[in-house]
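Okay, so here's the structure we're looking at.
In this note's numbering, the protein residues as written are 1 to 206.
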């Protein structure tokens, strides 16, 4: 996409209000090459201040508000194996697996909204244009702890960010921006690869 045709999205700057204790120094800008997609697994509404303690560089709310909590160069312990290279993006909501099962640790049952997906795409495009991002990963690819917390059929981390966010934003970024995701079976550490079921449309509105 030509830069002359690109318009930066509106981003709510909350870098002065976020939790400074989450910042673990800075990283060279040249090391940052990926967007890491997460789901918060909770519904906190659309007021930006409700997210000030979220450990992520950005949050995308269900109403399509993009919130920046920390500078992109900040090191956060948010994405595990991807901490050194990744920009952590949390999507507000508690989203189901491809089988329609929610993690039992939270009673909220959400589906990503169209405006949330669109805002997520705009944010990835922003990071691609401004910071030269080359990859998009699911948090699950870089983290699933041995003996990690299990709840029924759903592990909280194995469904991060969930099929709807991955298809709506991750697969879109691959197709439209030519971002990489490591390829079939790619994972780091105790992570788990993106399943084939996440790569196809599940929610008809996307």
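Where is the CB? At the ideal position from N, CA and C, for every residue including glycine. Given the structure is predicted, the values throughout are model-derived calculations rather than measurements.
Distance cut-off 7 Å: residue i Cβ against heavy atoms of the ligand HEM
i: residue 92; result: This structure simply doesn't include the ligand HEM, nor any ligand for that matter.
N-terminal and C-terminal residue of the alpha helix (DSSP H) that residue i is part of
i: residue 126; result: 114–131
i: residue 24; result: Careful: residue 24 lies outside any alpha helix (DSSP H), inside the beta strand (DSSP E) at 23–26.
i: residue 210; result: Coverage of the chain is limited to positions 1 through 206, which leaves residue 210 absent and any answer about it impossible.
Cβ distance (whole Å) where residue i is taken to contact residue j below 8 Å
i: residue 92; j: residue 62; result: 6 Å
i: residue 135; j: residue 180; result: 5 Å
i: residue 166; j: residue 193; result: That pair is no contact at about 12 Å.
i: residue 183; j: residue 142; result: In fact, because the Cβ distance is near 15 Å, the residues do not count as touching under 8 Å.
i: residue 56; j: residue 69; result: 6 Å
i: residue 95; j: residue 164; result: 6 Å
Residue span of the beta strand (DSSP E) that contains residue i, given as start and end
i: residue 86; result: 86–91
i: residue 244; result: Any answer about residue 244 is impossible in this case: the structure gives the chain only from 1 up to 206.
i: residue 74; result: 74–76
Paired residues, beta bridge with residue i - DSSP
i: residue 143; result: In DSSP, residue 143 forms no bridge with anything.
i: residue 248; result: No answer is possible for residue 248: the residues shown for the chain start at 1 and end at 206.
i: residue 31; result: DSSP lists no partner for residue 31.
Assigned exposure category for residue i - 16 Cβ within 10 Å defines buried
i: residue 151; result: Per-residue confidence for residue 151 stands at a pLDDT of 36, beneath the threshold of 50, marking its modelled position as unreliable; the derived number appears in the next sentence. Exposed, since its Cβ has fewer than 16 Cβ neighbours within 10 Å.
i: residue 124; result: buried
i: residue 45; result: exposed
i: residue 21; result: exposed
i: residue 8; result: exposed
i: residue 154; result: The pLDDT assigned to residue 154 is 39, lower than 50, so where the model puts this residue is not dependable; a value taken from the coordinates is nonetheless given after this. Result: buried.
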